[in-house]
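In this note's numbering, the protein residues as written are 123 to 355. A virtual CB, placed ideally from N, CA and C, is assigned to each residue, including glycine. Quantities reported herein were computed from a predicted structural model and do not represent experimental measurements. Quick notes on the structure that follows.
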Amino acid sequence: MKTIYRYFVQPQVDVRTHSIFGYELLIKQLTPEGWRLPESFIDIDLNVNAKLLVATTKILGKKVPYCSVNVSREQLMDTQMAKAIIKSQVQLYPTKLVVELTEERGPHKYFDAAFVPYLRKFMEHGMQISLDDVGTGDNSFESIRSLLPLASELKFALQNFRSNIEDPKLREKLRVWKGISTEYGQRLILEGIENREDEKISDKLDIDFRQGYYYGKPELLPLIGDDNNMTLD
123 MKTIYRYFVQ
133 PQVDVRTHSI
143 FGYELLIKQL
153 TPEGWRLPES
163 FIDIDLNVNA
173 KLLVATTKIL
183 GKKVPYCSVN
193 VSREQLMDTQ
203 MAKAIIKSQV
213 QLYPTKLVVE
223 LTEERGPHKY
233 FDAAFVPYLR
243 KFMEHGMQIS
253 LDDVGTGDNS
263 FESIRSLLPL
273 ASELKFALQN
283 FRSNIEDPKL
293 REKLRVWKGI
303 STEYGQRLIL
313 EGIENREDEK
323 ISDKLDIDFR
333 QGYYYGKPEL
343 LPLIGDDNNM
353 TLD
C-alpha cells in the first residue's frame, strides 16, 4: 500500500490589519491513526512531493499575498523539486511563493554558499526566501549570516524552546532577532502562539506577524477530485 501525502494550510496573521496575509503549507501523511507529520521529511519521494506541491498551489492561487512552503537543503539541490517550485510560483501569481529554508539536514552536507545560486534563481522568478527556526539549532546569526541578505522573512519558533514566552532570556533573544529583521528589512514571523498570554507578550514585543494554534490550526486542503485514496505516482 502506497503512502498518501497531502498539504495542510495554516494561516499567518497580521495583527495590525486583523487579516490573514499568508498560508504555510505543511505536508502530512495518512496513517491508521489519521494525518500525522512524517517521521522524516527527507524520506518523502521527491517526485511525489513535487507533483503534490504543483497540484496544491494550483488550488491556492490568488487567495493571499504570500504562500510559504518548507524546503530542505536536500530538496533545494534537486532539479525536479526546483522546477516544481518555479511552476508553483507561476500558478500562484500574483501571490508570492515564499521558499522557507528549513534546518533539517539530509545525507549530504552542503555549505550555505552552495545554496545561494539556487535561492537567487527563485528570487529571479519573483519568489521570496524565508529562514526558518532562527535562533535555534544550527540557525544562529553567525551560521546564516551569508543568507540573511537574500531573505525577506525570518521565522522564530516558540515551540523550539522549553521555556515559555515569559522567560526573560527568551524575550531578549526575540528582541535581538527583531532587531536583525529590522536591520535587513525583513518580516519577522513569531510561530507557536498558543494562547492569550502568548498574544499579549507578542503585543508588548511589537511583533505583528504571527502564526500558531491561537490563530488557526493547519487544515487539510483537498485536491480536486480528492477522495483521500488518490496517490500521486
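Anyone know if the C-beta pair for residue i and residue j falls short of 8 Å?
i      : j      : result
LEU214 : LEU182 : yes
ASP361 : ASP330 : The requested residue 361 is not part of the displayed model; the chain covers only 123 to 355.
LEU343 : PHE130 : yes
SER303 : ARG297 : no
LYS277 : GLU313 : yes
VAL186 : THR139 : no
LYS295 : GLY257 : yes
LEU270 : ASP234 : no
Going by C-alpha distance, which of the options is nearest residue i?
i      : options                        : result
THR224 : VAL176, GLU275, ARG158, LYS218 : GLU275
THR178 : GLU155, ARG138, GLN211, SER162 : GLN211
ILE208 : GLY301, GLU294, HIS247, ILE142 : HIS247
GLU146 : ASP165, TYR232, PRO133         : PRO133
PRO117 : LEU174, LEU327, GLN333         : Any property of residue 117 remains undetermined from this structure, which presents the chain solely from 123 to 355.
ARG318 : ILE311, TYR306, GLY334, VAL220 : GLY334
ILE287 : TYR306, VAL170, ILE323, THR153 : ILE323
PRO154 : LEU174, ILE311, THR125         : THR125
ALA206 : LYS231, ARG195, PHE244         : PHE244
Would you decide whether residue i is buried or exposed? Buried here means 16 or more other CB atoms lie within 10 Å of its CB.
i      : result
ASN192 : buried
GLN281 : exposed
MET249 : buried
ALA236 : exposed
GLY144 : buried
TYR127 : buried
ARG267 : exposed
GLY141 : Strictly speaking, residue 141 in this sequence is Ser, with Gly absent from that position. By the neighbour-count rule (16 or more Cβ atoms within 10 Å), SER141 is not buried but exposed.
SER265 : exposed
TYR188 : buried
Ordered along the chain, which non-local residues of its own chain (more than five positions away) have a Cβ less than 7 Å from that of residue i?
i      : result
LEU168 : GLN197, ASP200, GLN202, MET203
GLU321 : ILE315, TYR336
ARG158 : LYS150, GLN151
SER194 : PHE163, ILE164, THR224, GLU226, GLY228
GLY338 : GLN132, PRO133
TYR232 : ARG195, MET199
Just to confirm my understanding: we take residue i, look at its own chain, exclude 5 residues before and 5 after, and list those with CB closer than 6 Å. What are they?
i      : result
LEU345 : ALA177
TYR240 : LEU198
ASN350 : Residue placement at ASN350 is poorly supported in this model, since its pLDDT is 43, which falls under 50; the coordinates still yield a value, given next. None.
ALA279 : ASP255, GLU313, GLY314
GLU222 : SER190, ASN192, SER252, ASP254
LYS180 : GLN213
MET352 : Confidence is the limiting factor: at MET352 the pLDDT is only 41, short of 50, which leaves the residue's position unreliable, though a coordinate-based value still follows. Hits under 6 Å: none found.
ALA172 : GLN202, MET203, ALA206
Flag residue i as yes when its Cβ comes closer than 7 Å to any non-hydrogen atom of the ligand GDP, and as no otherwise.
i      : result
ARG267 : Annotation note on the ligand GDP: not contained in the displayed structure, which lists no ligands.
Grab me the residues of residue i's own chain with a C-beta within less than 8 Å of its C-beta, minus the 5 sequence neighbours each way, in chain order.
i      : result
ARG242 : LEU272
LEU148 : TYR129, PHE130, VAL131, GLN132, LEU159, ASN192, PRO340
SER262 : none
VAL113 : The first residue shown for the chain is 123 and the last is 355, placing residue 113 beyond what the model contains.
Q. For the stretch 169-225, which segments carrying the beta strand (DSSP E) assignment without a break, of at least 3 residues, lie completely within its bounds, in sequence order?
A. 188-193, 218-223
**Q.** Inside the stretch 126-165 only - beta strand (DSSP E) runs reaching at least 3 residues
**A.** 127-136, 141-153, 156-158
**Q.** Within the stretch 244-305, ranges of the alpha helix (DSSP H) (whole runs, at least 4 residues)
**A.** 263-266, 290-305
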